[in-house]
Amino acid sequence: MLGLLKNPLVVTAEINMNLVALTAIGLISRLWGLSYPRAVVFDEVYYGQFVSLYMKRIFFVDDSGPPFGHMLLALGGYLGGFDGNFLWNRIGAEYSMNVPVWSLRLLPALAGALCVPLAYQILVELQFSHCAALGAALLILLENSLITQSRFMLLESILIFFILLAVLSYLKFYNLQRHSSFSGSWWFWLLLTGVACSCAVGVKYMGLFTYMLLLSIAGLHFWHMIGDQNLSNVSLMCHFLARGLALIVIPAAMYLSFFYVHLTLLYRSGPHDQIMTSAFQASLEGGLARITQGQPLEVAYGSQITLRNVLGKPMQCWLHSHTNTYPIRYENGRGSSHQQQVTCYPFKDVNNWWIVKDPGMQQLVVSNPPRPVRHGHIVQLVHGITTRYLNTHDVAAPLSPHSQEVSCYIDYNISMPAQNLWRVEIVNRESDTDVWKTILSEVRFVHMNTSAVLKASGFIGASLPEWGYRQLEVVGEKLSKGYHQSMVWNVEEHRYGKSQEQKEREVELHSPTQMDISKNLSFMAKFTELQWKILTLKNEDTEHKYSSSALDWITMDTNIAYWFHPTSGAQIHLLGNVVTWASANIAALVYVCLSLWYLIRRRRKIYDIPEDAWQLWVSAGGICVGGWAVNYLPFFLMEKTLFLYHYLPALTFQILLIPIVLQHLGNHLCRSLLLKSMFSGLVVAWFSSVYLVYRTFSPVTYGEPSLSVTELKDLRWKDSWNILIQKQ
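One point on numbering: in the working numbering, the residue at position 257 of the sequence shown is 278, and numbering is uninterrupted.
So, in structure tokens, the structure goes:
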């Protein structure tokens, strides 16, 4: 034992100084002057409001994507001690002293800086030279658009970081596959691939494109493994299960965990929760929960209830009636029943209360013990204030003539008897004996005489005229016309009625509910609802001054003015390095043309390059050209407002292709020493032009120094660029 102490303990490590230098330069380029400008820059006005809501634990819904990216931005605010108190209402607004600008912008900047060494390592793992890898890293380093996007509280740099990390992790895993399967490092890189993919998807759904690309590549590689006779069936099954666990199960679990943390942090009610169901709203602290806390769970005969339409678009509304009647004749000459109006009202009101009555009994109070209403039971719904019964009959609705009018019945002693029996159908029941439950049950009311279903039709813009106070129309819709969420209702507020006399009952209806049973939604129920809202909620897309089409991006015919100083004229623009963008397009074109040429020649049994060089060429194209295609082409199918920054993930893959093509041309097409020397000189001259353009546009990349009017005009290399010029 003592013999071990005779010699010193020595630890040796290999340090790639290229990586160290690239990381350091990347950090300097992204972190330098990070707090400048100390003002709201472009989409910081959008993401900042979510950061404030995180700080205050207030629930929100953002239809742009999952919550992981927002949480990372909020983490920066938390680390900087941000209290959430800032009004995010105007681009260019000066930040108050309580806003930790540097901290809020730190994580996007770090992600952008780390993309530089990641680009280097990806090309090394693709088996290209360190010189080509260094070129790829420097191109990422000097790309003005990537610098601009990473220096502010925005998500694209974080998305690109996780995308590149996923690609690098998979390449490292694949290269280890040949000689050390199931080793510790093999498992590490495989698992990191799945983690990075889930993080990319969690930041923005655009990350799904690269995730699907890597799944496809992994599937192709496994397909080749199946043909390897040296692998046993057991070994193949282990490989399959390992990939399934790391690339599907773990990403899915992590994706759920993002929402779990999101919902755990945001437990307070806020303005965004109104688009959620009553059950979801009741699970949040304050808001509806303050009203519904302790309500009775089971709806019984005699219950006093409010009924909220489940669809909730474009606004939430409740079944409502008032003393006014439908006009005898509508504007188009059609007649009505002249019965009491029934509408869907988008505000809480005492006229939203209804009493669930047993058709066989006269009492309007809950018996002791209560008799719960179950799926399939027949009920009458009595309007609490006017005591008239919910009714429908074969009379055309005011705005929807193919549907039935819904009213509260008034007996005019004419040949129109009451038809006020409704069957309760619980849509989300587990069995046919389920009890109708407050908030949790989603129910349809089917009219016994006509089989029409109670439906709020106002969601297609059917607001009643002045005589209906612009409230939303409610109709009886035939079941044969199909199912729609506007036919489904849930009980939101609920109390057990105790007063048989109308005067006492009106006092009861005006008083707050205070009962004894609380309700909680499971995480999966909340996740499912929130995920559905994110996918289906659509804000009205309006044309933006700086919006663009996907075709504009390739040639950079557009730009975005991110920030403008009102006095000095200093400004920041999202503008790329023109030489890099043009070179990326040429590299992609050269790759496609050369690949087609090689394929045609190989078909004729003519092999222009060695087999290992061909495999290297194909695998690099699968990553770089494939990454560009999957991150760019889907935008041609999207119906949303598009901006230049949407192209940055695709551009990153295209930039990685440039040194790959250059190395291939130098190794296989420049065969003489003279050609190789000339080619190297051209590459050096080209790279010098990349740096020169980077330096030329640095003032509008970093926002300083401010430029004169003449200098700004000189930067307008394209007529389509909107460089801001102050009027003299």
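Quick reminder that beta carbons are idealized off the backbone N, C-alpha and C, glycines included.
Since the model is a prediction, treat every value here as computed from it, not as a measurement.
I need the straight-line Cα distance from residue i to residue j, nearest angstrom please.
{"i": "SER729", "j": "PHE585", "result": "13 Å"}
{"i": "GLN325", "j": "ILE376", "result": "5 Å"}
{"i": "LEU694", "j": "LEU654", "result": "40 Å"}
{"i": "PRO726", "j": "ILE46", "result": "21 Å"}
{"i": "HIS689", "j": "ILE630", "result": "7 Å"}
{"i": "PHE194", "j": "PHE279", "result": "25 Å"}
{"i": "ARG625", "j": "ALA671", "result": "34 Å"}
{"i": "GLU498", "j": "PHE103", "result": "52 Å"}
{"i": "ASP415", "j": "ARG392", "result": "32 Å"}
{"i": "TRP339", "j": "ILE431", "result": "22 Å"}
{"i": "VAL137", "j": "LEU43", "result": "7 Å"}
{"i": "ASP537", "j": "VAL320", "result": "Confidence at ASP537 is low in this model, with a pLDDT of 38, below 50, so the placement of that residue should be treated as unreliable; the coordinate-derived value is given next. Each residue's Cα considered, the two are about 14 Å apart."}
{"i": "GLN675", "j": "SER569", "result": "20 Å"}
{"i": "HIS398", "j": "LEU411", "result": "16 Å"}
{"i": "SER741", "j": "THR576", "result": "11 Å"}
{"i": "ASN764", "j": "TRP510", "result": "The chain is shown only over 22 to 749; residue 764 falls outside these bounds and no answer can be derived."}
{"i": "TYR619", "j": "TRP635", "result": "9 Å"}
{"i": "ALA477", "j": "GLY643", "result": "51 Å"}
{"i": "TRP109", "j": "ILE607", "result": "42 Å"}
{"i": "PRO129", "j": "VAL31", "result": "38 Å"}
{"i": "GLY98", "j": "ARG111", "result": "19 Å"}
{"i": "ALA34", "j": "ALA157", "result": "26 Å"}
Locate the beta strand (DSSP E) running through residue i, then write down its first and last residues.
{"i": "TRP638", "result": "Segment 632–653 is the alpha helix (DSSP H) holding TRP638; no beta strand (DSSP E) there."}
{"i": "ALA571", "result": "Careful: ALA571 lies outside any beta strand (DSSP E), inside the alpha helix (DSSP H) at 571–575."}
{"i": "HIS6", "result": "Within the shown structure, residues of the chain are numbered from 22 to 749, placing residue 6 beyond reach of any answer."}
{"i": "LYS499", "result": "493–499"}
{"i": "ALA274", "result": "Run containing ALA274: none in the beta strand (DSSP E); it sits in the alpha helix (DSSP H), 271–286."}
{"i": "ASN39", "result": "No beta strand (DSSP E) holds ASN39; the alpha helix (DSSP H) holding it covers 38–52."}
{"i": "ILE326", "result": "324–330"}
{"i": "ALA477", "result": "473–477"}
{"i": "VAL363", "result": "361–366"}
Return helix, strand or coil for residue i, following the three-state DSSP convention.
{"i": "ALA439", "result": "coil"}
{"i": "GLY466", "result": "The sequence given here has Phe at residue 466, not Gly. Note: PHE466 maps to strand in three-state DSSP."}
{"i": "PRO28", "result": "The amino acid at residue 28 is misidentified as Pro; the sequence shows Asn. If DSSP states are grouped into helix, strand and coil, ASN28 belongs with coil."}
{"i": "TRP375", "result": "strand"}
{"i": "THR549", "result": "helix"}
{"i": "HIS404", "result": "strand"}
{"i": "ILE538", "result": "In this predicted model, ILE538 has a pLDDT of only 38, less than 50, meaning its place in the structure is not dependable; the value taken from the coordinates is given anyway. The answer is coil: DSSP assigns ILE538 none of H, G, I, E or B."}
{"i": "HIS91", "result": "helix"}
{"i": "PHE203", "result": "coil"}
{"i": "ALA671", "result": "helix"}
{"i": "LYS554", "result": "helix"}
{"i": "GLY307", "result": "coil"}
{"i": "LEU125", "result": "helix"}
{"i": "HIS173", "result": "Note that residue 173 is Phe in the sequence shown here, rather than His. Reduced to three states, the DSSP call for PHE173 is coil."}
{"i": "PRO292", "result": "helix"}
{"i": "ALA114", "result": "coil"}
{"i": "GLY356", "result": "strand"}
{"i": "GLU319", "result": "strand"}
{"i": "VAL456", "result": "strand"}
Please name the residue or residues paired with residue i in a DSSP beta bridge.
{"i": "THR413", "result": "VAL427"}
{"i": "GLU525", "result": "None; GLU525 has no bridge partner."}
{"i": "ILE399", "result": "ARG444"}
{"i": "ARG584", "result": "In the sequence on display, residue 584 carries Trp and not Arg. Per DSSP, ILE593."}
{"i": "ARG350", "result": "GLY356"}
Where does the unbroken alpha helix (DSSP H) through residue i begin, and where does it stop?
{"i": "GLU196", "result": "Sequence check: residue 196 is Asn here, not Glu. Taken as a continuous stretch (DSSP letters only), the alpha helix (DSSP H) holding ASN196 covers 177–198."}
{"i": "SER701", "result": "694–723"}
{"i": "ASN511", "result": "First-last for ASN511: 510–517, but that is the beta strand (DSSP E), not the alpha helix (DSSP H)."}
{"i": "ASN254", "result": "254–265"}
{"i": "ILE607", "result": "599–624"}
{"i": "LYS734", "result": "730–735"}
{"i": "LEU55", "result": "No alpha helix (DSSP H) holds LEU55; DSSP gives it neither H nor E."}
{"i": "TYR67", "result": "65–76"}
{"i": "CYS11", "result": "Because the chain here runs from 22 to 749, residue 11 falls outside it and cannot be looked at."}
Tell me whether residue i, by its Cβ, gets closer than 6 Å to a heavy atom of the ligand MG.
{"i": "ASN330", "result": "As for the ligand MG, it is missing from this structure, which has no ligand bound."}
Check: Is there contact between the stretch 146–160 and the stretch 669–689, where contact requires at least three CB pairs shorter than 8 Å?
Finding: In short, these stretches touch, since the Cβ pair count reaches three.
Notebook entry, point to check: How do the stretch 159–177 and the stretch 701–720 stand: do at least 3 beta-carbon pairs fall below 8 Å, yes or no?
Noted result: Yes, since at least three Cβ pairs between the stretch 159–177 and the stretch 701–720 fall closer than 8 Å, the two stretches touch.
Margin query: I'd like to know if the stretch 207–225 and the stretch 168–187 are in contact, where contact means that at least 3 CB-CB pairs between them fall below 8 Å.
Written below: Enough Cβ pairs lie closer than 8 Å, so yes.
Next item on the list: Give a yes or no on contact between the stretch 483–499 and the stretch 432–447, applying the rule of three or more CB pairs nearer than 8 Å.
Entry: Touching, no, given that fewer than three Cβ pairs across the two stretches are closer than 8 Å.
Notebook entry, point to check: How do the stretch 646–662 and the stretch 586–594 stand: do at least 3 beta-carbon pairs fall below 8 Å, yes or no?
Noted result: No: fewer than three Cβ pairs fall under 8 Å.
Notebook entry, point to check: Do the stretch 223–236 and the stretch 80–88 meet, that is, are 3 or more Cβ pairs less than 8 Å apart?
Noted result: Output reads yes: the stretch 80–88 touches the stretch 223–236.
Note to self: Three Cβ pairs or more, each shorter than 8 Å: is that satisfied between the stretch 258–277 and the stretch 50–67?
What the structure shows: By the criterion of at least three beta-carbon pairs nearer than 8 Å, the stretch 258–277 is not in contact with the stretch 50–67.
Check: Does the stretch 207–215 come within contact of the stretch 262–272, defined as at least 3 CB pairs closer than 8 Å?
Finding: The answer is yes - the stretch 262–272 touches the stretch 207–215, with three or more Cβ pairs under 8 Å.
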